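Encoded as structure tokens, the structure appears first; notes follow it.
Residue numbers (UniProt numbering), protein chains in the order written: chain A, 1 to 791; chain B, 1 to 464.
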């Protein structure tokens with residue numbers, strides 16, 4: 001024990017005991033230990049040091065001191081106040097001891113320390129003086145008279161009694177033992193650590209905080225780290241944020257959540273941009289689209305990458321796997337009736353068979369028995385014998401399972417093909433047009449209308465160039481033409497249905513022209529045609545239409561000669577109505593024809609009488625825009641199609657017969673079946689509708705096969721069950737549409753052929769279609785400036 | 001290997017051509033199956049006339065031309081080499097190569113060749129055009145004579161058909177409903193109209209001429225056939241309603257158009273009216289000028305007795321018939337249909353089937369037909385798809401099972417494209433710009449065809 005170790009020891013003590021700094025802080029408030037605390041720390045330390053040293057070196061006093069110090073350590077666990085008081089008491093006792101025992105011989109080995117201690121003690125005595133007074137008792141011995149104890153809060157000194165529990169026994173007796181005595185409970189009091197063990201403990205503990213073992217090069221003092229610096233280092237090693245007070249995991253605050261709040265943070269309505277497609281996004285998408293179109297963005301992966309992928313070898317483990325039938329074939333067992341009373345082991349006596357019944361049961365063949373057991377009575381369940389048929393039944397069941405063929409039965413075994421309607425094979429429905437047999441080329445601009453002559457030798461066409469042209473059918477040779485108008489397109493051409501004459505009606509602008517193409521006619525046919533046209537001249541003049549006031553009304557149609565230029569070509573009559581004529585349709589007898597000019601409000605539909613050169617307006621008012629009008633093929637019925645409905649009128653009775661509602665947005669054309677009971681409607685909304693006039697006002701069939709508007713529909717008028725439509729997608733579709741006279745059977749409609757060939761020009765494809773009067777041939781008018789014959 | 005090459009098949013040679021028939025039947029011959037057509041042809045030549053110049057023969061086995069070795073043929077058709085093959089040999093068809101083309105101003109609608117009783121090189125080719133003019137050509141492509149446009153009162157003059165009646169007379173007709181007889185003078189090289197025959201109210205599609213009986217048949221779109229005599233005096237007076245001068249309007253036009261130059265006009269001896277649709281073609285029966293056949297758009301082929309002017313027999317087919325020619329030795333009539341095929345019809349009353357055979361291969365309406373003057377089995381057809389095709393009726397392939405009536409289907413032997421578009425763009429079925437309107441097969445001139453390309457094209461098989 002060199003003096004060099006002393007500082008450590010002292011420190012250890014200060015650590016064990018409550019730190020003096022804190023003491024002083026608390027005492028300051030108390031004010032009781034003012035005097036002590038006025039001392040420097042060093043002196044107090046010296047004082048304690050003194051005690052320890054005494055414990056170490058003085059054999060007699062040390063035992064007491066040891067015990068005291070022991071107590072002291074135990075008392076540490078308790079409150080600081082108590083330990084403070086204890087300390088005071090111990091010191092007092094120590095003083096007594098010293099004054100009593102060693103007051104006579106003042107010389108000690110460590111005098112220097114004693115002196116220091118003496119000084120301290122004296123000072124302490126001064127402070128403790130008021131506690132007692134020394135008097136002489138009757139025997140002459142000094143007598144200590146203690147002052148009355150003021151029973152304040154911490155005046156209790158009872159703890160002083162618990163000082164030494166080992167009694168007044170010399171510790172040397174325990175030298176060989178690890179303990180130094182026994183406590184009141186008989187347990188060993190272990191020897192306090194000392195010497196080397198204590199050193200080791202201190203070695204392990206006593207490196208002060210912030211000790212680095214380095215010297216500060218600037219000051220030469222040991223380089224110690226401050227608590228802040230240590231904290232920074234600690235954070236560094238933990239990879240934490242150096243800044244103080246930063247919380248890497250703050251608790252999440254759900255400002256916006258799925259929960260609908262009663263009082264939301266913001267009750268503003270949803271902004272409009274949530275519902276409006278983003279212009280910005282559209283712009284960006286269009287940018288990408290443009291880039292793809294220009295080829296700046298390659299929409300497909302470059303080929304190389306694919307090759308790389310191909311290089312990887314993939315093993316198809318299931319390549320030669322054959323489909324196996326599903327194993328999961330659960331067949332539910334048949335449900336058995338629940339057992340009755342007779343099946344009980346102890347049935348009521350009425351269920352028990354009597355002898356006759358038993359004999360009869362035994363007599364019966366096994367298969368004929370009503371029950372497969374005989375009710376028997378047993379007194380108790382434990383008396384029921386084993387089931388004698390167990391093995392036999394199990395065997396039979398196994399045999400059944402083994403032998404019975406189990407087939408999975410599909411609940412619904414219907415061939416999906418059989419659900420499709422049975423349509424005849426198109427091959428069986430020949431003949432119908434399949435290929436383009438001739439192209440009539442030579443027109444400029446769109447061809448708007450085509451028509452066959454009644455004999456089926458020639459085809460007439462009219463188009464945007466204002467010409468009406470006549471073509472030889474099979475060869476496609478243009479045999480005649482006339483220019484009707486410089487500005488107006490020829491919107492419609494229709495041959496008059498009469499085989500003995502040849503009159504062509506053509507509409508250009510507001511005029512309808514009657515044409516006799518005499519160069520291809522024989523003189524007698526020409527003469528017959530001229531006679532028909534000329535018959536009406538002067539009729540209108542001889543019978544001017546007058547109203548009740550006697551004023552001459554302007555007739556709805558003006559019949560005149562068209563002028564010598566085209567009269568020389570064979571255009572003989574010009575009928576001018578009030579607005580542009582789009583459609584011409586002849587009555588079957590050829591005396592009447594109807595024109596439709598959709599722009600004319602009340603004059604939209606006009607019926608003209610050829611023999612009287614008379615124009616009549618049958619409808620004062622028409623609901624909707626008139627699209628087309630047609631005569632019934634056999635009765636005096638007139639069909640007028642407006643934008644989305646078709647009305648049929650009885651011309652004889654002058655009344656409305658029927659209103660058909662095809663459900664179309666915009667009707668483009670209609671055609672009446674030669675039988676008169678069916679009507680075909682083509683619409684600009686791509687649909688082809690078949691109306692059965694006997695059935696309903698709604699369409700019987702709706703066919704939607706085109707990708708663009710349907711411009712024209714046409715029945716074959718010569719007895720073949722065919723009809724065709726012409727669409728803006730550049731194709732025509734040929735259908736088989738057989739109408740049976742039997743009222744019980746509906747019409748069969750079979751799509752036969754799509755005829756493609758016309759080019760789509762400015763979104764117009766095929767403008768018109770017409771059928772040959774006898775053969776399954778049709779001719780089409782294309783927006784590409786050609787007409788085509790399909791055979 | 002050796003055994004395979006030694007496989008032999010028994011054959012029996014035969015022919016339908018009398019001139020090359022074997023004098024004595026060779027009986028059953030055993031030939032190697034590796035033989036091809038040239039070897040078999042040489043074999044036939046050896047048997048027939050070993051010393052003379054060999055004739056190339058085509059070999060037909062079971063109605064099919066042998067184009068491969070016999071072995072492959074047997075394998076293809078599943079015939080055992082044990083069975084005796086009936087091998088038919090025929091003079092090989094020499095592919096007709098393009099010789100020359102005669103260019104016109106307008107579409108050429110019909111063509112005819114006069115080669116009877118003239119020495120080689122003096123054949124005359126007649127062409128009728130849509131511009132209304134007849135032209136007579138020599139074989140080297142020079143126009144010898146051109147007719148003048150007729151004065152028909154401003155009406156259309158396009159010609160549809162033209163025929164030689166004799167080396168001095170030509171008949172032609174067209175869309176102006178009139179059949180005209182022209183006189184051709186080879187010396188002065190002039191064509192003058194000598195007769196106008198009026199009986200039709202619509203365009204004339206076809207005329208037929210019988211030189212022996214000097215009769216003329218014209219088929220018209222007005223559904224009638226008219227019988228005329230080529231001799232003007234024999235015909236009655238023309239019906240007044242059909243003359244251009246009959247109506248005031250046309251008379252006025254006619255007078256305005258041209259000074260009148262009188263051409264005698266006559267009417268018809270008889271009008272044959274039984275068809276219900278335009279008559280497309282008519283011919284005389286080759287052996288009997290009192291019998292005529294006609295085809296019409298009403299799907300029928302009618303047989304006419306001209307002496308009584310009545311319809312004797314009607315054969316109805318499934319399609320509009322557009323052309324007609326006779327195969328006299330086979331007693332067959334060939335008609336071209338709008339359904340793109342040629343139907344061979346036996347017109348005799350004893351025939352039970354309507355269609356004896358169907359020749360398929362054209363892609364558009366078959367509008368002109370002629371038979372090979374040197375072989376009774378070959379047939380020439382012109383179609384709106386822009387090709388002329390040569391057919392051999394011996395080449396028969398059994399058609400689809402169960403279709404007995406049209407079970408026998410023939411295939412084209414050779415197809416003649418239009419020279420004007422050779423090497424150009426591919427042809428379309430609608431044959432725009434290349435439609436063939438008329439074909440004629442002459443023994444000395446070869447195959448003459450006229451069409452929409454404004455040319456008369458001559459193809460001839462060059463004999464080696």
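Glycine included, C-beta positions come from ideal geometry on N, C-alpha and C.
None of these values were measured; they are calculated from a predicted model.
| Query | Result |
| --- | --- |
| For a cutoff of 9 Å on Cβ pairs, would you count residue 456 (chain B) as touching chain A? | no |
| Can you tell me whether residue 715 (chain A) is buried or exposed, with buried defined as 16 or more other CB within 10 angstroms of its CB? | buried |
| Would you verify that the beta carbon of residue 475 (chain A) is, or is not, closer than 9 Å to some beta carbon of chain B? | yes |
| Please state the DSSP three-state secondary structure of residue 280 (chain A). | helix |
| Can you give, in chain order, each stretch of the beta strand (DSSP E) that sits fully within the stretch 326-387 of chain B and has at least 3 residues? | 332-337, 341-345, 357-360, 366-371, 378-383 |
| For residue 435 (chain B), which residues in chain C fall below 7 Å Cβ to Cβ? | In the structure shown, chain C cannot be found, because the protein chains are A and B. |
| Please check the pair residue 678 (chain A) and residue 781 (chain A), which I expect to be a contact at CB under 8 Å, by giving their CB distance rounded to whole angstroms. | Not really, about 24 Å apart at Cβ, beyond 8 Å. |
| Just the chain A side, please: which residues come within less than 8 Å of residue 244 (chain B) by C-beta, in chain order? | 523 |
| Distance, Cα to Cα, residue 168 (chain B) vs residue 726 (chain A)? | 53 Å |
| Taking residue 676 (chain A) as the reference, give the member of A:655, A:662, A:683, A:638 with the closest Cα. | A:638 |
| Run through the stretch 329-360 of chain A for me and flag every whole alpha helix (DSSP H) of 4 or more residues, listed as ranges in chain order. | none |
| May I ask which residues mark the beginning and end of the alpha helix (DSSP H) holding residue 371 (chain A)? | Here residue 371 (chain A) belongs to no alpha helix (DSSP H), and DSSP marks it neither H nor E. |
| Going by alpha carbons, who is nearest to residue 585 (chain A) out of A:535, A:134, A:512? | A:512 |
| So which of B:447, B:135, B:390 has the shortest CA-CA distance to residue 149 (chain B)? | B:135 |
| Does residue 432 (chain A) come out as helix, strand or coil in the three-state DSSP assignment? | coil |
| Let me see if you follow: with CB-CB separation under 9 Å, is residue 778 (chain A) close to chain B or not? | no |
| Give the straight-line distance between the Cα atoms of residue 390 (chain A) and residue 396 (chain A), rounded to the nearest whole angstrom. | 10 Å |
| So, helix, strand or coil for residue 700 (chain A), using DSSP? | coil |
| Out of A:718, A:751, A:710, A:754, point me to the one whose CA is closest to residue 764 (chain A)'s CA. | A:710 |
| Please decide whether residue 533 (chain A) counts as near chain B, where near means a Cβ-Cβ distance under 9 Å. | no |
| What number of angstroms, rounded off, separates the C-alpha of residue 76 (chain B) from the C-alpha of residue 418 (chain A)? | 39 Å |
| State the start and end residues of the unbroken alpha helix (DSSP H) segment that holds residue 844 (chain A). | Since the first and last residues shown for chain A are 1 and 791, residue 844 (chain A) lies out of range. |
| Taking its Cβ as the centre, do 16 or more other Cβ atoms sit within 10 Å of residue 179 (chain B), making it buried, or is it exposed? | buried |
| Residues of chain A with CB under 8 Å from residue 432 (chain B), in chain order? | 438, 439, 441, 476 |
| What residues in the stretch 318-339 of chain B have a beta carbon less than 8 Å from any beta carbon of chain A? | 318, 319, 320, 322, 338, 339 |
| Using the rule of at least 16 other Cβ atoms within 10 Å of the residue's Cβ for burial, across every protein chain shown, is residue 7 (chain B) buried or exposed? | exposed |
| Among A:196, A:192, A:198, A:226, which has the Cα closest to the Cα of residue 208 (chain A)? | A:226 |
| Kindly indicate which three-state DSSP category residue 452 (chain B) falls into: helix, strand or coil? | coil |
| Can you tell me the Cβ-Cβ gap for residue 467 (chain A) and residue 479 (chain A), rounded? I've got them flagged as a contact below 8 Å. | Not really, about 13 Å apart at Cβ, beyond 8 Å. |
| Using only alpha-carbon positions, find the residue among A:686, A:691, A:687, A:674 that is nearest to residue 680 (chain A). | A:691 |
| Output needed for residue 686 (chain A): all residues of its chain with C-beta closer than 8 Å, excluding positions within five of it in sequence on either side, in chain order. | 704, 706, 707, 708, 709, 710, 727 |
| Does DSSP classify residue 508 (chain A) as helix, strand or coil? | strand |
| Grouping DSSP H, G and I as helix and E and B as strand, with all else coil, what is residue 524 (chain A)? | helix |
| Between residue 174 (chain B) and residue 157 (chain B), which are expected to be in contact by the criterion C-beta below 8 Å, what is the C-beta distance as a whole number of angstroms? | 7 Å |
| I'd like to check one pair, residue 69 (chain B) with residue 33 (chain B): are the Cβ atoms closer than 9 Å? | yes |
| Report the three-state DSSP secondary structure of residue 715 (chain A) (helix, strand or coil). | strand |
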